[in-house]
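In full-length UniProt numbering, the protein residues as written are 1 to 245.
So, in structure tokens, the structure goes:
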């Protein structure tokens, strides 16, 4: 497993050659990146799911055949087709057990699909195998392509909670956009195209987490596709970059 180097400090102050500087003035440095320039995912970094993943009463089967690397992109295809009793297929990839993240800046440049019942997502899940915490860097309901959901899910003393933000933006499915977080011990700030949307200081995770990228279909939250939903649909990821100070 790739345990990425820890930040130089978990304090708001960073030791730079014996001089303490505020972390806002210290430049970020890339410590891990994925550019998707090859013809397949690196199995040392990525898992491709083969899973009838029904969380939230979802309606898709994640199939490896729906995950492709070409033209400098990770491509996740979503199709209207029966598979293992599910009416739709899609794709999902994770870095579970291979690459973990804790604190720093994580950015993903992606183009999301639009359409009723589609739920593309880029998120982090805890590496310990628990239900929570979870950091949703970005989720978009396909029928609301100008709204970004950014959420921290947590559980304290067996009580589940979440701290979330809903931002209204122009349509985010017509072009690529960069979605990211800056994650410190005391806060997480969520960004789109470098613009901060929201900062949470509520139950900020303090443990290693892995990356999860997928397109869900249907379910309790997003609802089912209808006759207007375009199939096949694609989630395109151009690059992923992880920075620390």
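All C-beta atoms, glycine included, are put in the ideal place defined by N, C-alpha and C. Given the structure is predicted, the values throughout are model-derived calculations rather than measurements.
Which two residues bound the contiguous beta strand (DSSP E) that contains residue i?
i, result
"residue 200", "195-200"
"residue 78", "73-83"
"residue 28", "Note, residue 28: premise wrong, no beta strand (DSSP E); not H, not E."
"residue 59", "Here residue 59 belongs to no beta strand (DSSP E), and DSSP marks it neither H nor E."
"residue 241", "233-244"
"residue 123", "118-126"
"residue 86", "86-90"
"residue 1", "No beta strand (DSSP E) contains residue 1, which DSSP labels as neither H nor E."
"residue 109", "104-111"
"residue 215", "209-217"
Spatial neighbours of residue i within its chain, please: CB distance less than 8 Å, with the 5 preceding and 5 following residues excluded, ordered by chain position.
i, result
"residue 37", "72"
"residue 152", "133, 134, 135, 136, 162, 163, 164, 188, 200, 202, 203, 204, 205"
"residue 176", "109, 110, 111, 236, 238"
"residue 198", "150, 165, 167, 189, 190"
"residue 226", "116, 117"
Find the nearest neighbour of residue i within the set the options, judged by alpha-carbon distance.
i, options, result
"residue 233", "188, 174, 132, 124", "174"
"residue 69", "242, 235, 245, 241", "235"
"residue 74", "97, 89, 95, 41", "41"
"residue 61", "229, 225, 217, 244", "217"
"residue 124", "33, 198, 99, 90", "99"
"residue 195", "207, 148, 122, 32", "148"
Using only the alpha-carbon positions, how far apart do residue i and residue j sit?
i, j, result
"residue 43", "residue 86", "27 Å"
"residue 212", "residue 108", "12 Å"
"residue 238", "residue 209", "21 Å"
"residue 91", "residue 119", "12 Å"
"residue 83", "residue 67", "16 Å"
"residue 113", "residue 1", "31 Å"
"residue 140", "residue 111", "11 Å"
"residue 79", "residue 89", "5 Å"
"residue 29", "residue 76", "29 Å"
"residue 101", "residue 64", "24 Å"
"residue 143", "residue 25", "39 Å"
"residue 27", "residue 81", "47 Å"
"residue 242", "residue 106", "5 Å"
"residue 20", "residue 126", "Because residue 20 sits at a pLDDT of 42, beneath the cut-off of 50, its placement in the model cannot be relied upon, and the following sentence gives the value as read from the coordinates. Those two C-alpha atoms are separated by around 31 Å."
"residue 215", "residue 193", "21 Å"
"residue 129", "residue 181", "22 Å"
"residue 178", "residue 121", "13 Å"
"residue 48", "residue 221", "24 Å"
"residue 96", "residue 207", "14 Å"
"residue 183", "residue 45", "22 Å"
For residue i, which residues in the same chain have their Cβ closer than 6 Å to its Cβ, ignoring the five residues on either side in sequence?
i, result
"residue 155", "132"
"residue 161", "154"
"residue 229", "115, 116, 117"
"residue 240", "34, 108"
"residue 50", "64"
Rounded to whole angstroms, how far is the Cβ of residue i from the Cβ of residue j, which I believe are closer than 8 Å?
i, j, result
"residue 219", "residue 58", "4 Å"
Looking only at its chain, what residues have a beta carbon closer than 7 Å to the beta carbon of residue i, apart from the 5 residues adjacent to it on each side?
i, result
"residue 146", "168, 169, 170, 171, 172"
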